[in-house]
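> Per this note's numbering: the sequence shown ends with 223, consecutive numbering throughout.
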Amino acid sequence: MSKLKQILSYLWPITAKKDSDFSGLLEVTWIDGKKVLDTKNANYSYGALQKVLENGLNFIDFRQIESVLILGLGGGSVVRSLQEKFNFFGKIYAVEIDQKIIDIAKTEFDISAIKNLNIHNSDAFDFVKNRDQFYDLIIVDLFIDAEIPEAFLSEEFCQNLSEICQNSLLFNLGFNEKAGDKSKKVIQFFKADEKFKVEEFKEVEGINRLLLAKRNRFTSI
Numbered sequence: 003m004s005k006l007k008q009i010l011s012y013l014w015p016i017t018a019k020k021d022s023d024f025s026g027l028l029e030v031t032w033i034d035g036k037k038v039l040d041t042k043n044a045n046y047s048y049g050a051l052q053k054v055l056e057n058g059l060n061f062i063d064f065r066q067i068e069s070v071l072i073l074g075l076g077g078g079s080v081v082r083s084l085q086e087k088f089n090f091f092g093k094i095y096a097v098e099i100d101q102k103i104i105d106i107a108k109t110e111f112d113i114s115a116i117k118n119l120n121i122h123n124s125d126a127f128d129f130v131k132n133r134d135q136f137y138d139l140i141i142v143d144l145f146i147d148a149e150i151p152e153a154f155l156s157e158e159f160c161q162n163l164s165e166i167c168q169n170s171l172l173f174n175l176g177f178n179e180k181a182g183d184k185s186k187k188v189i190q191f192f193k194a195d196e197k198f199k200v201e202e203f204k205e206v207e208g209i210n211r212l213l214l215a216k217r218n219r220f221t222s223i
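Here's what the structure looks like:
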């Protein structure tokens with residue numbers, strides 16, 4: 003049936019609606035031979051979002067990366083990108099608060115087949131706050147529909163990220179203009195943190211903003 007849907011999707015999109023615990027109604031859609039995960043107002047996985055994050059990951063030296071923490075799993079497209087585009091096969095830890103989204107990632111996108119992937123059903127704020135483990139690369143992609151919850155734009159959250167990041171941090175700051183002033187606090191925090199060198203990318207794929215913070219070579223955890 004999936005093969006038939008894939009073929010028919012070149013003629014017209016085929017969509018199945020799924021409930022989630024936090025993001026409202028989700029849509030799993032076959033379109034042009036590919037399956038994507040969307041909310042009402044945003045792509046969650048395997049569409050534009052995947053391309054946005056890949057733009058930032060292009061600036062990471064994966065020879066220095068042994069462990070990755072992903073905050074916000076969605077359908078798992080960034081995990082696929084890490085392995086299929088960037089040839090990263092080290093340890094990947096993914097945190098997702100919504101168990102129904104985890105189930106979708108497993109059943110619709112076969113994310114369970116990826117080796118070295120550990121999925122935690124947890125709130126990302128609490129997970130980062132209580133970690134005593136360090137990660138070489140942290141990818142922050144935390145949205146409820148098209149909005150970043152304010153807790154993830156706070157100084158406390160940024161400070162906790164800073165303390166567990168050993169090499170690089172890629173933060174998706176989204177595309178919602180109303181959140182622009184709030185997301186500036188994240189940029190200002192990492193620019194003021196002497197441990198990091200910061201780059202800001204605007205209008206990635208025409209619309210998104212990314213923050214890339216790289217730990218200075220001569221600073222220690």
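Ideal Cβ positions, reconstructed from N, Cα and C, are used throughout, including at glycine.
Alpha carbon to alpha carbon, what distance is there between residue 91 and residue 151?
If I take the Cα positions, the gap works out to 31 Å.
> Per DSSP, which residues does residue 17 bridge with? Please list them.
DSSP, once it has assigned bridges, lists 31 as partnering residue 17.
> So, for residue 162: in the same chain, excluding its five sequence neighbours on each side, which residues have a beta-carbon less than 7 Å away from its beta-carbon?
If we look at residue 162 and ignore the five residues flanking it on each side, its Cβ neighbours are 130, 131.
> Please list, in chain order, all residues of the same chain as residue 125 whose beta carbon is under 6 Å from its beta carbon, the five residues on each side excluded.
Correct list, in chain order: 99.
> To the nearest angstrom, how far is it from the Cα of residue 189 to the Cα of residue 166?
Spanning the two alpha carbons is a distance of roughly 18 Å.
> Excluding the five sequence neighbours on either side, which residues of its own chain have a C-beta within less than 6 Å of the C-beta of residue 133, listed in chain order?
Cβ within range, chain order: 166.
> Within 10 angstroms of its Cβ, does residue 109 collect 16 or more other Cβ (buried), or is it exposed?
Its Cβ having fewer than 16 others within 10 Å, residue 109 is exposed.
> Using the three-state DSSP reduction, which class does residue 189 fall into: helix, strand or coil?
In the structure shown, residue 189 sits in a helix (DSSP, three-state: H, G or I).
> Go ahead and pull the three-state DSSP assignment for residue 144.
Residue 144: coil per DSSP, three-state reduction.
> DSSP puts residue 215 in a beta bridge; with which residues?
DSSP, once it has assigned bridges, lists 171, 200 as partnering residue 215.
> Is the CB-CB distance between residue 147 and residue 35 below 8 Å?
Cβ atoms of residue 147 and residue 35: not closer than 8 Å.
> Beta carbon of residue 212, beta carbon of residue 174: below 8 Å?
Yes, Cβ-Cβ distance for residue 212 and residue 174 is below 8 Å.
> According to DSSP, is residue 39 helix, strand or coil?
Residue 39 falls in the strand class under three-state DSSP.
> For residue 102 and residue 195, which I take to be in contact (beta-carbon distance under 8 Å), what is that distance rounded to the nearest angstrom?
In fact, because the Cβ distance is near 35 Å, the residues do not count as touching under 8 Å.
> Considering only the alpha carbon of each residue, which of 12, 138, 203, 79 lies closest to residue 70?
Nearest option by C-alpha distance: 138.
> With residue 80 and residue 55 assumed to form a contact (beta carbons below 8 Å), what rounded beta-carbon distance in angstroms separates them?
Residue 80 to residue 55, Cβ: 5 Å. Contact.
> Straight-line CA distance for residue 128 to residue 15?
Answer to the nearest angstrom: the Cα atoms are 38 Å apart.
> Among the residues of its own chain, which have a CB less than 7 Å from the CB of residue 218, if the five just before and after it don't count?
197, 198, 199.
> What are the boundary residues of the alpha helix (DSSP H) that residue 50 is part of?
Taken as a continuous stretch (DSSP letters only), the alpha helix (DSSP H) holding residue 50 covers 50-59.
> Heavy atom of the ligand GTP less than 7 Å from the Cβ of residue 70, yes or no?
Annotation note on the ligand GTP: not contained in the displayed structure, which lists no ligands.
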